[in-house]
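Peer 1: Got a structure for you, questions after.
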Amino acid sequence: MAINLLDADFYRAVNPDLRGLNNQQALDHLVNFGLNEGRVFSPVVDLDFYRRNNPGLTAAGLTTRRQLYDHLSNFGVRENRPFSLVFNPAFYASANPGLTSAGVVGSEALLNHYQNFGINEGRASAIAFDPNFYRTVNPDLQQLNNRQLVEHFQFIGVNEGRTSSPNFNVRFYLGANPDLQQAFGFNFRQAFEHYLSNGIQEGRIATPGGTPLPPLPPPPPPPVPVGPGNTPETALNAGVLTGTQIFNQSISSTNPNDYYRFNLSGPTNLNVVINGMTQDANLELFFDSNNDGTVNATERVGLSTQPGTLQDSITGFFTSGNYFVNVSQGVAGAETPYNLNLIATPVTGDIGGNSANTATNLGILSGTRRIDEFVGDPDPQDYFRFVLNDVRNVNLLLTGLNDDADLRLYQTVNNNGAVEQGNLIAQSIQSGTTPEALSRTLTPGDYLVLVSPGFQGVNTNYSLTLST
114 MAINLLDADF YRAVNPDLRG LNNQQALDHL VNFGLNEGRV FSPVVDLDFY
164 RRNNPGLTAA GLTTRRQLYD HLSNFGVREN RPFSLVFNPA FYASANPGLT
214 SAGVVGSEAL LNHYQNFGIN EGRASAIAFD PNFYRTVNPD LQQLNNRQLV
264 EHFQFIGVNE GRTSSPNFNV RFYLGANPDL QQAFGFNFRQ AFEHYLSNGI
314 QEGRIATPGG TPLPPLPPPP PPPVPVGPGN TPETALNAGV LTGTQIFNQS
364 ISSTNPNDYY RFNLSGPTNL NVVINGMTQD ANLELFFDSN NDGTVNATER
414 VGLSTQPGTL QDSITGFFTS GNYFVNVSQG VAGAETPYNL NLIATPVTGD
464 IGGNSANTAT NLGILSGTRR IDEFVGDPDP QDYFRFVLND VRNVNLLLTG
514 LNDDADLRLY QTVNNNGAVE QGNLIAQSIQ SGTTPEALSR TLTPGDYLVL
564 VSPGFQGVNT NYSLTLST
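For reference, each letter of the sequence shown is one residue, going 114 to 581 in our numbering.
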């Protein structure tokens, strides 16, 4: 199973020429150009650290950054190989015991959790780095948020020899172990790496008055995967979806459907892909809107039926809740392997698209979806796009207002995402904080919802509920 190592927001931030790329384009740029150009792509993953502390990789001929990236993604994380000063899966699991009970088990799942949640939450993540301790003992860093503290230590603080953990003081370590200076001439970064790779195992003391730390046992491996079920009730449970999960399975005449279930813990850009087929297969995504543990055709929110062996994919913005994926035969009786890729990117900040052409794609509308957002002077329009595959009664409700906002529903021109005033189906423009509501019976097609302030200068939070 390959794990996504790219922090797309970080990659764009430190490479201003890439700021116009979306997440998939950023990943494509990294693997095709960025790695060979030596660009940094994560505040957590350090390929130079990975190479230095896994000498067998060079002996095996893995010398380029692309080769190292691919090996770490496909094997190294799962094998618990050292690749970071600021993250160790065994330490992360032991310092955050609630993750195991939440189903975050195995090095890959632990790294996914840290990259998507733990780094922003300031969770302790490595023996020699604790963000809260780092902030406390370095008063000049008080204004940095948790993610910025990790970035500062990784690229600045470690080279300055700053104290970063109650378990490790690099200046003391060098002073208490003069052989490291005499034999190797270690700088601060090299001393950090030596402690993690050798010093702990050798029982070296790393803090004044400290005692040697025992080596950490590896984190428990993830449970052996169980094959997907043939019905929603027997679906393989992928748990809370973070980062990327990949399943390599097959369907046949005796196993025509493979169901998977997963949970989204918050607003998420989701990409569901199947590829690697030798025969035609189809892809469906369902939203368990009533949380009854099963789904049917009326709760389908995504469908892809590309012919033959072409890749099928469903991409869009989805709110928190339980979802099901079904991989099924495109032709009755066809037998084919496939790779199912579940890729989740949490969404923070502005959710609604700022124009009709950049509307947030909600996919096929089914069940009930709720979006909590804001409109006002800095963000005057929020557009959301949805699709209907059959005639549906659609209800839109705008609540939670602390100032005036309006609600409009459009059908797009030729289903191409463009809107004109003549395509306005309905609008609700109640005054003040009165909720806005629209109910219409709509034919199959492509639709846009617009939330906007009632007047210039208005700023308000809102909750938009869409239901069929």
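Positions of the beta carbon are idealized from the N, C-alpha and C atoms, including for glycine. On a predicted model such as this, the values are computed, not experimentally measured, just so you know.
Cα-Cα, which of D492, L501, L119, G429 is closest to N572?
Peer 2: Along the sequence shown, one-based indexing puts residue 572 at 459. Taking only the C-alpha atoms, the option nearest N572 is D492.
Peer 1: Decide if the stretch 158-168 is in contact with the stretch 202-222; the criterion is three or more beta carbon pairs, one per stretch, under 8 Å apart.
Peer 2: No, the stretch 158-168 does not touch the stretch 202-222.
Peer 1: Taking contact to mean 3 or more Cβ pairs, one atom from each stretch, closer than 8 Å, check whether the stretch 371-381 and the stretch 414-427 are in contact.
Peer 2: With a cut-off of 8 Å, the stretch 414-427 and the stretch 371-381 do not count as touching, because too few Cβ pairs lie within range.
Peer 1: On a Cα-Cα basis, can you pick out the residue from T411, T176, L354, N409 that is closest to V217?
Peer 2: The residue you call residue 217 lines up with position 104 of the sequence shown. Considering only alpha carbons, the answer is L354.
Peer 1: Can you tell me where the alpha helix (DSSP H) with L143 in it begins and where it stops?
Peer 2: In the sequence shown, residue 143 corresponds to position 30, counting from 1. From DSSP, L143 is part of no alpha helix (DSSP H); its letter is neither H nor E.
Peer 1: Does the stretch 308-324 come within contact of the stretch 265-273, defined as at least 3 CB pairs closer than 8 Å?
Peer 2: The answer is no - the stretch 265-273 does not touch the stretch 308-324, with fewer than three Cβ pairs under 8 Å.
Peer 1: Leaving out five residues before and five after R302 in sequence, what residues of the same chain have Cβ atoms less than 7 Å from its Cβ?
Peer 2: As a first step, residue 302 must be located in the sequence shown, where it is residue number 189. Taken in chain order, the residues that qualify are V271, N272.
Peer 1: If you count every other CB in all the chains shown that lies within 10 Å of the CB of Q267, and 16 or more means buried, which is it?
Peer 2: Locating residue 267 in the sequence shown gives position 154, counting from the first residue. Buried: at least 16 other Cβ atoms inside 10 Å.
Peer 1: On the premise that G151 lies in contact with R178, defined as a C-beta separation below 8 Å, what is that separation, rounded to the nearest angstrom?
Peer 2: The residue you call residue 178 lines up with position 65 of the sequence shown. The residue you call residue 151 lines up with position 38 of the sequence shown. Confirmed, Cβ separation roughly 7 Å.
Peer 1: Under a Cβ-count criterion, where at least 16 other Cβ atoms within 10 Å of its own Cβ denotes burial, should G63 be classed as buried or exposed?
Peer 2: The shown model of the chain, from 114 to 581, leaves out residue 63, and the question about it has no answer.
Peer 1: Grab the span of the alpha helix (DSSP H) containing N382 for me, first residue to last.
Peer 2: Position 269 of the sequence shown holds residue 382. Looking at the DSSP string, N382 is not in any alpha helix (DSSP H); the run it does join, the beta strand (DSSP E), is 381-388.
Peer 1: List in chain order: all unbroken beta strand (DSSP E) runs of 3+ residues lying wholly within the stretch 302-330.
Peer 2: Here no run is fully enclosed.
Peer 1: What three-state label does DSSP hand F196 in the structure shown?
Peer 2: Along the sequence shown, one-based indexing puts residue 196 at 83. Three-state DSSP puts F196 in coil, outside helix and strand.
Peer 1: By the 10 Å Cβ neighbour count, where 16 or more other Cβ atoms means buried, how is P331 classified, buried or exposed?
Peer 2: Here residue 331 refers to the residue found at position 218 when the sequence shown is read from its first residue. With fewer than 16 other Cβ atoms within 10 Å, it is exposed.
Peer 1: On the DSSP letters alone, give me the boundaries of the beta strand (DSSP E) that N515 sits inside.
Peer 2: Residue numbering aside, residue 515 sits at position 402 when the sequence shown is read from its first letter. Neither: N515 is in no beta strand (DSSP E) and is coded neither H nor E.
Peer 1: Drop a sphere of 10 angstroms on the beta-carbon of Q228, count the other beta-carbons inside from all chains shown, and report buried for 16 or more, exposed for fewer.
Peer 2: On the sequence shown, residue 228 is found 115 positions in, with the first residue counted as 1. Buried: at least 16 other Cβ atoms inside 10 Å.
Peer 1: For G216, which of helix, strand or coil comes out of DSSP?
Peer 2: Here residue 216 refers to the residue found at position 103 when the sequence shown is read from its first residue. Looking at G216 - three-state DSSP - the assignment turns out to be coil, as it is neither helix nor strand.
Peer 1: Please classify R132: is it buried, with 16 or more other beta-carbons within 10 angstroms of its beta-carbon, or exposed?
Peer 2: As a first step, residue 132 must be located in the sequence shown, where it is residue number 19. R132 comes out exposed.
Peer 1: Taking only runs of the alpha helix (DSSP H) that begin and end inside the stretch 119-168, which ones reach a length of at least 4 residues, in chain order?
Peer 2: Runs of the alpha helix (DSSP H) inside the stretch 119-168: 121-127, 136-142, 160-165.
Peer 1: Based on the DSSP secondary-structure assignment, which residues constitute the bridge partners of P450?
Peer 2: Taking the first residue of the sequence shown as position 1, residue 450 is located at position 337. Answer is S363.
Peer 1: What residue ranges within the stretch 461-517 form continuous beta strand (DSSP E) runs of no fewer than 3 residues, ordered along the chain?
Peer 2: 473-477, 481-488, 495-501, 505-512, all fully within the stretch 461-517.
Peer 1: Just to confirm the assignment: which complete beta strand (DSSP E) runs, minimum length 3, are found wholly within the stretch 371-447?
Peer 2: Whole beta strand (DSSP E) segments, 3+ residues: 381-388, 394-400, 413-417, 425-431, 434-442.
Peer 1: Please classify G476 as buried or exposed, where buried requires at least 16 neighbouring CB atoms within 10 angstroms.
Peer 2: By 1-based counting over the sequence shown, the position of residue 476 is 363. So G476 ends up on the buried side.
Peer 1: Do you know offhand how far Q358's Cα is from N225's?
Peer 2: The sequence position of residue 358 within the sequence shown is 245, counting from 1. The sequence position of residue 225 within the sequence shown is 112, counting from 1. So the two alpha carbons sit approximately 10 Å from each other.
Peer 1: Taking DSSP as the reference, what is the three-state secondary structure of G567?
Peer 2: By one-based count along the sequence shown, residue 567 stands at place 454. Three-state result, G567: coil.
Peer 1: How many angstroms separate the CA atom of M114 from the CA atom of N536?
Peer 2: One-based indexing of the sequence shown puts residue 114 at position 1. One-based indexing of the sequence shown puts residue 536 at position 423. For M114, the predicted structure reports a pLDDT of 49, less than 50, and the residue's modelled location is therefore unreliable. A value from the coordinates is still provided. The straight-line gap from Cα to Cα measures roughly 46 Å.
Peer 1: My guess is that I364 and S441 are in contact by the Cβ rule of under 8 Å, so how many angstroms apart are they, rounded?
Peer 2: As a position in the sequence shown, residue 364 is number 251, starting the count at 1. As a position in the sequence shown, residue 441 is number 328, starting the count at 1. I364 to S441, Cβ: 7 Å. Contact.
Peer 1: Can you name the start and end residues of the beta strand (DSSP E) that T249 belongs to?
Peer 2: Locating residue 249 in the sequence shown gives position 136, where the first residue counts as 1. Taken as a continuous stretch (DSSP letters only), T249 belongs to no beta strand (DSSP E), being part of the alpha helix (DSSP H) at 244-250.
Peer 1: Taking the Cβ atom as the reference point for each residue, do Y372 and T347 lie within a distance shorter than 8 Å?
Peer 2: For the purposes of this step, residue 372 is taken as residue 259 along the sequence shown, with counting starting at 1. For the purposes of this step, residue 347 is taken as residue 234 along the sequence shown, with counting starting at 1. Yes, the pair counts as a contact, with Cβ atoms nearer than the cut-off.
Peer 1: List the whole-angstrom C-beta distance separating F162 from S197, where the pair is believed to meet the contact cut-off of C-beta under 8 Å.
Peer 2: On the sequence shown, position 49 is the one that residue 162 refers to. On the sequence shown, position 84 is the one that residue 197 refers to. That pair is a contact at about 6 Å.
Peer 1: Between F499 and L579, how many whole angstroms is the CB-CB distance? I'm expecting something under 8 Å.
Peer 2: For the purposes of this step, residue 499 is taken as the residue at position 386 of the sequence shown. For the purposes of this step, residue 579 is taken as the residue at position 466 of the sequence shown. Right, their Cβ atoms sit about 7 Å apart.
Peer 1: By the three-class DSSP mapping on this structure, what secondary structure does L175 have?
Peer 2: Within the sequence shown, numbered from 1, the residue matching residue 175 stands at position 62. In the structure shown, L175 sits in coil (DSSP, three-state: anything other than H, G, I, E or B).
Peer 1: Of all the alpha helix (DSSP H) runs that stay within the bounds of the stretch 272-298, which reach a length of 4 or more residues?
Peer 2: Entirely contained in the stretch 272-298, the alpha helix (DSSP H) runs reaching 4 residues are, in chain order, 283-289, 291-297.
Peer 1: Report the rounded CA-to-CA distance for Q314 versus D159, giving the unit in angstroms.
Peer 2: By one-based count along the sequence shown, residue 314 stands at place 201. By one-based count along the sequence shown, residue 159 stands at place 46. Taking the straight line from one Cα to the other gives about 22 Å.
Peer 1: Is the Cβ-Cβ distance between G329 and F246 less than 8 Å?
Peer 2: Numbered from 1 along the sequence shown, position 216 holds the residue referred to as residue 329. Numbered from 1 along the sequence shown, position 133 holds the residue referred to as residue 246. As written in the sequence, residue 329 is Leu, which differs from the Gly given in the question. Going by C-beta atoms, L329 is not nearer than 8 Å to F246.
Peer 1: For A237 versus S277, is the C-beta distance shorter than 8 Å?
Peer 2: Stepping through the sequence shown from its first residue, residue 237 is reached at position 124. Stepping through the sequence shown from its first residue, residue 277 is reached at position 164. Cβ atoms of A237 and S277: not closer than 8 Å.
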